[in-house]
Amino acid sequence: MRLHTHAVDVLVVGGGTAGPMAAVKAKEANPALNVLLLEKANVKRSGAISMGMDGLNNAVVPGHATPEQYVKEITLANDGIVNQRTIMAYARNSFAMIEELDRWGVKFEKDETGDYAMRKVHHMGTYVLPMPEGHDIKRVLYRRLKRTRVAITNRWIATRLLTGTDGRVAGAMAFDCRTGDFHIVRAKAIVLSTGAAGRLGLPASGYLFGTYENPTNAGDGYSMAYHAGAELSGIECFQINPLIKDYNGPACAYVTGPLGGYTTNGKGERFIECDYWSGQMMLEFYRELEGGDGPVFLKLDHLAEETISTIETILHTNERPSRGRFHKGRGTDYRTHMVEMHISEIGLCSGHSASGVWVDEHAATTVPGLYAAGDLACVPHNYMLGAFVYGKIAGESAARHCGAVSLAEIDQAQVEAESARVRAPLLRGEGLPPSQVEYKLRRMVNDYLQPPKVTRKMEIGLRRFEEIRQDLDRLWARDPHELMRALEVHAIRDCAEMAARASLYRAESRWGLYHARVDHPARDDLNWFVHVQVRKTGDGMTCFKRPIEPYLVSVDEHEQSAYQNTRIPRDSRRQSARETHSTST
Amino acid sequence: MPTAFVPTSLPVRIDEELCIADKGCTVCVDVCPLDVLAIDLAKGAAYMKFDECWYCMPCEKDCPTGAVTVDIPYLLR
Numbered sequence: 001m002r003l004h005t006h007a008v009d010v011l012v013v014g015g016g017t018a019g020p021m022a023a024v025k026a027k028e029a030n031p032a033l034n035v036l037l038l039e040k041a042n043v044k045r046s047g048a049i050s051m052g053m054d055g056l057n058n059a060v061v062p063g064h065a066t067p068e069q070y071v072k073e074i075t076l077a078n079d080g081i082v083n084q085r086t087i088m089a090y091a092r093n094s095f096a097m098i099e100e101l102d103r104w105g106v107k108f109e110k111d112e113t114g115d116y117a118m119r120k121v122h123h124m125g126t127y128v129l130p131m132p133e134g135h136d137i138k139r140v141l142y143r144r145l146k147r148t149r150v151a152i153t154n155r156w157i158a159t160r161l162l163t164g165t166d167g168r169v170a171g172a173m174a175f176d177c178r179t180g181d182f183h184i185v186r187a188k189a190i191v192l193s194t195g196a197a198g199r200l201g202l203p204a205s206g207y208l209f210g211t212y213e214n215p216t217n218a219g220d221g222y223s224m225a226y227h228a229g230a231e232l233s234g235i236e237c238f239q240i241n242p243l244i245k246d247y248n249g250p251a252c253a254y255v256t257g258p259l260g261g262y263t264t265n266g267k268g269e270r271f272i273e274c275d276y277w278s279g280q281m282m283l284e285f286y287r288e289l290e291g292g293d294g295p296v297f298l299k300l301d302h303l304a305e306e307t308i309s310t311i312e313t314i315l316h317t318n319e320r321p322s323r324g325r326f327h328k329g330r331g332t333d334y335r336t337h338m339v340e341m342h343i344s345e346i347g348l349c350s351g352h353s354a355s356g357v358w359v360d361e362h363a364a365t366t367v368p369g370l371y372a373a374g375d376l377a378c379v380p381h382n383y384m385l386g387a388f389v390y391g392k393i394a395g396e397s398a399a400r401h402c403g404a405v406s407l408a409e410i411d412q413a414q415v416e417a418e419s420a421r422v423r424a425p426l427l428r429g430e431g432l433p434p435s436q437v438e439y440k441l442r443r444m445v446n447d448y449l450q451p452p453k454v455t456r457k458m459e460i461g462l463r464r465f466e467e468i469r470q471d472l473d474r475l476w477a478r479d480p481h482e483l484m485r486a487l488e489v490h491a492i493r494d495c496a497e498m499a500a501r502a503s504l505y506r507a508e509s510r511w512g513l514y515h516a517r518v519d520h521p522a523r524d525d526l527n528w529f530v531h532v533q534v535r536k537t538g539d540g541m542t543c544f545k546r547p548i549e550p551y552l553v554s555v556d557e558h559e560q561s562a563y564q565n566t567r568i569p570r571d572s573r574r575q576s577a578r579e580t581h582s583t584s585t
Numbered sequence: 001m002p003t004a005f006v007p008t009s010l011p012v013r014i015d016e017e018l019c020i021a022d023k024g025c026t027v028c029v030d031v032c033p034l035d036v037l038a039i040d041l042a043k044g045a046a047y048m049k050f051d052e053c054w055y056c057m058p059c060e061k062d063c064p065t066g067a068v069t070v071d072i073p074y075l076l077r
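Chains A and B supply the protein sequences, listed in that same order. For what it's worth, the working numbering labels the leading residue of the first sequence as 1, then goes sequentially. For what it's worth, the working numbering labels the leading residue of the second sequence as 1, then goes sequentially.
See the structure below:
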């Protein structure tokens, strides 16, 4: 394992969605800066959108919605626990980003007059913009990276951040998962954009990599930010998604809904008003699955042939194109069969719910010089377009920060401790295989953390995670690839402990299924209308409350219920099913 | 601690007749987000080395000769 030291101005860790945008925007802000994009896989095909994306879920397009309307919608969808300044920073830049991506060559659906073909999926406003030809998006990003001359390293696994004696960020440490070489990258500013913690719960299939998220996103960034002393927020607001059973990928209701598809129970009845992914919607979904009216299906078989062909073209060429192959193997044809649905394992992802590294409206974390963007950064329901916008904000903030500071001194003790931790699994001649420790850890996550959350179970879970901490010292890797898996287990364990502690701390129920606590079944705004933060103090993990900043956009009393009453009353179901049937065929 | 070798069926298949790894091609190995593919130097063809597949398909889509097929992993099929 050879050691290399590098020095750059801006280091971007993670080359999926937010990362390439951050790197391009830092370089555009100041072309003299030395910007390095560090990627765990290969920037050409990495991250959540490796095969493209079938639409924007949160486009704030003039004439369809205002930034203020969007801020209100997301405030309600996230049960009030938001820093509205961050949502507003996204919303105000949303349309300009769509136009910029359009100029770069990303294809969005337009109507015959050339306007964006917006669709309504949310409860209140209209924010969905389909991208039937969205499969090329990574190629477009890669072209921009080359044009702006951003330096790229592929197959480097960042493991820890370095902080200077004054507490500001000093660099990052990484190893090459092909050669095993160890790298120290000194930087004036770092953007973390490492995606979700997607390998937290174990999928029902038992296949470690059959996750909803790209499994490369194992929670490395959550762990790195935590160990650097950054605040994390909303960790207890888990990500749980309605997915195609066993395949464990999206169905995708945002694509099919506006075309007439909808979710039904086992009796063919519609039971939720709206397929927008919120905690309350997931709770209704869970109740239907667990109750006598399950299982749950996505219904498309009432649609016209041309509509179904359109859906097939979009779903089987974008985001998760192997969906088509899965359905074929099962003999499922949208024309004649409903698609069986299930709920995912838990994960941490602010792109869909709210769990992330705490950031302000400039993408700054609580560690000076450290910025975060994308699924990792706590900007609720931010999705892909939010990753691009926050990537831009983070890149420009990082570039600005470079003008004010010099490289922080490296603390040799941090380097030695980390190189010893990284090296250890390769030096053991025997021990526990990473896959086995990961399987056990993630099964324990399912057993003890999967909502509805039970206090006693989560306390036992914490004890099990502590025992697995001991097992980390026995992990054995035979090559640098296995070493990558071994160190991912460290990060997954950190995320599991954060998930348990934050969930235990918030002694109320909120966000529907995401934080349904059996021992505290009611929402308690008097005590818990706050952010719950997690931070490393001394050697322990500490939770504390952070007050909600005064809202920029007020929410009226009568609007509060929009996301709380998503269930369709039983006596009006047949009626609504008939209406949908007659209008869409 | 004793360990065992447990065989598993792998989802990524390479047609060795079509694969041009012997000509220096490494496209599928390069694009895999999980880094699970490798080149067998003796055979001059790519193969799936680690059972860690997200069935995401860049390897199949980007292969210049159509040598790669991604099946849904057996446990999910």
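Idealized CB from N, CA, C, for every residue including glycine.
Chain-order list of residues whose beta-carbon lies under 6 Å from that of residue i (same chain, five-residue window excluded)
| i | result |
| --- | --- |
| Val255 (chain A) | Asp54, Ile314 |
| Ala491 (chain A) | Ala218, Gly219, Asp220, Ser223 |
| Ser233 (chain A) | Trp358, Cys378, His531, Gln533 |
| Asp519 (chain A) | Thr455 |
Simplified DSSP assignment, three categories, for residue i
| i | result |
| --- | --- |
| Ala172 (chain A) | strand |
| Lys592 (chain A) | With chain A covering 1 to 585 only, the question about residue 592 (chain A) has no answer from this structure. |
| Glu269 (chain A) | coil |
| Trp511 (chain A) | coil |
| Thr307 (chain A) | helix |
| Gly403 (chain A) | coil |
| Gln575 (chain A) | Low local confidence applies: a pLDDT of 47 at Gln575 (chain A) is under 50, so the model's placement there is unreliable, and no value is given. |
| Thr455 (chain A) | helix |
| Gln564 (chain A) | coil |
| Gln412 (chain A) | helix |
| Ile87 (chain A) | helix |
| Gly15 (chain A) | coil |
| Ser46 (chain A) | coil |
| Asp35 (chain B) | coil |
| Gly347 (chain A) | strand |
| Lys299 (chain A) | strand |
| Met341 (chain A) | strand |
| Asp30 (chain B) | helix |
| Arg2 (chain A) | coil |
Own chain partners of residue i with C-beta closer than 8 Å, once the 5 adjacent residues on each side are dropped
| i | result |
| --- | --- |
| Thr75 (chain A) | Val82, Gln84, Ile87, Tyr551, Val553, Val555 |
| Leu208 (chain A) | Arg199, Leu202, Pro215, Ser435, Glu438, Tyr439, Arg442 |
Selected residue, minimal CA-CA separation from residue i, among the options
| i | options | result |
| --- | --- | --- |
| Phe529 (chain A) | A:Arg517, A:His520, A:Arg92, A:Arg510 | A:Arg510 |
| Pro7 (chain B) | B:Gly66, B:Lys49, B:Asp71 | B:Lys49 |
| Val106 (chain A) | A:Ile308, A:Leu11, A:Lys72, A:Arg143 | A:Arg143 |
| Asp539 (chain A) | A:Asp494, A:Ala500, A:Ser561 | A:Asp494 |
| Thr159 (chain A) | A:Ala507, A:Met484, A:Val128 | A:Met484 |
| Ala562 (chain A) | A:Ile272, A:Met444, A:Lys536 | A:Ile272 |
| Glu409 (chain A) | A:Tyr276, A:Val437, A:Val518, A:Ala7 | A:Ala7 |
| Leu129 (chain A) | A:Pro295, A:Tyr116, A:Leu141, A:Asp79 | A:Tyr116 |
| Gly167 (chain A) | A:Leu101, A:Phe182, A:Asp411 | A:Asp411 |
| Ile14 (chain B) | B:Tyr47, B:Asp35, B:Cys25, B:Lys61 | B:Tyr47 |
| Ala21 (chain B) | B:Ala67, B:Leu76, B:Ile72, B:Asp71 | B:Ala67 |
7 Å Cβ shell around residue i - same chain, five flanking residues per side excluded
| i | result |
| --- | --- |
| Cys237 (chain A) | Ser353, Ala354, Ser355, Trp511, Tyr514, His515 |
| Pro321 (chain A) | Met51 |
| His362 (chain A) | Ile393, Ser397 |
| Glu579 (chain A) | Because Glu579 (chain A) carries a pLDDT of 44, less than 50, the predicted location of this residue cannot be relied on, and the following value inherits that uncertainty. Same-chain partners within the cutoff: there are none. |
| Phe95 (chain A) | Val60, Val61, Pro62 |
| Ser9 (chain B) | Tyr74 |
Min CB distance residue i to chain D below 7 Å
| i | result |
| --- | --- |
| Asp30 (chain B) | Within the model displayed, chain D is absent; protein chains A and B are what it includes. |
Checklist entry - With a cut-off of 8 Å, do at least 3 Cβ pairs link the region 39 to 56 of chain A to the region 405 to 417 of chain A? => result no
Next on the checklist: So, does the region 400 to 408 of chain A touch the region 109 to 119 of chain A, judging by three or more C-beta pairs under 8 Å?
Outcome noted: no
Item to check | Segments assigned alpha helix (DSSP H), at least 4 residues, entirely inside the region 130 to 198 of chain A | outcome: 137 to 147
Checklist entry - Are the region 359 to 378 of chain A and the region 189 to 201 of chain A touching, with three or more C-beta to C-beta distances below 8 Å? => result yes
Checklist entry - Which runs of the alpha helix (DSSP H), 4 residues or longer, sit entirely within the region 354 to 382 of chain A? => result none
Checklist entry - Counting pairs of beta carbons, one from the region 87 to 97 of chain A and one from the region 282 to 289 of chain A, are three or more of them closer than 8 Å? => result no
Next on the checklist: Report the start-end ranges of each beta strand (DSSP E) in the region 479 to 565 of chain A that is 3 residues or longer and not cut off at the edges.
Outcome noted: You should have 530 to 537, 540 to 547.
Checklist entry - Is there contact between the region 131 to 148 of chain A and the region 300 to 318 of chain A, where contact requires at least three CB pairs shorter than 8 Å? => result yes
Item to check | contact_flag[the region 59 to 78 of chain A, the region 420 to 438 of chain A] where n(CB pairs < 8 Å) is 3 or more | outcome: no
Checklist entry - Counting Cβ pairs closer than 8 Å, one from the region 380 to 390 of chain A and one from the region 7 to 24 of chain A, do we hit at least three? => result Segments in contact, yes.
Item to check | Touch test, the region 115 to 127 of chain A against the region 436 to 450 of chain A, Cβ-Cβ under 8 Å, three pairs minimum | outcome: no
Item to check | Contact between the region 176 to 185 of chain A and the region 243 to 260 of chain A (3+ Cβ pairs under 8 Å) | outcome: The region 176 to 185 of chain A vs the region 243 to 260 of chain A: no contact.
Next on the checklist: Report the start-end ranges of each alpha helix (DSSP H) in the region 72 to 126 of chain A that is 4 residues or longer and not cut off at the edges.
Outcome noted: With a minimum length of 4 residues, the continuous alpha helix (DSSP H) runs that stay inside the region 72 to 126 of chain A are 84 to 104.
Item to check | Meets three-Cβ-pair contact criterion under 8 Å: the region 150 to 158 of chain A and the region 327 to 340 of chain A | outcome: no
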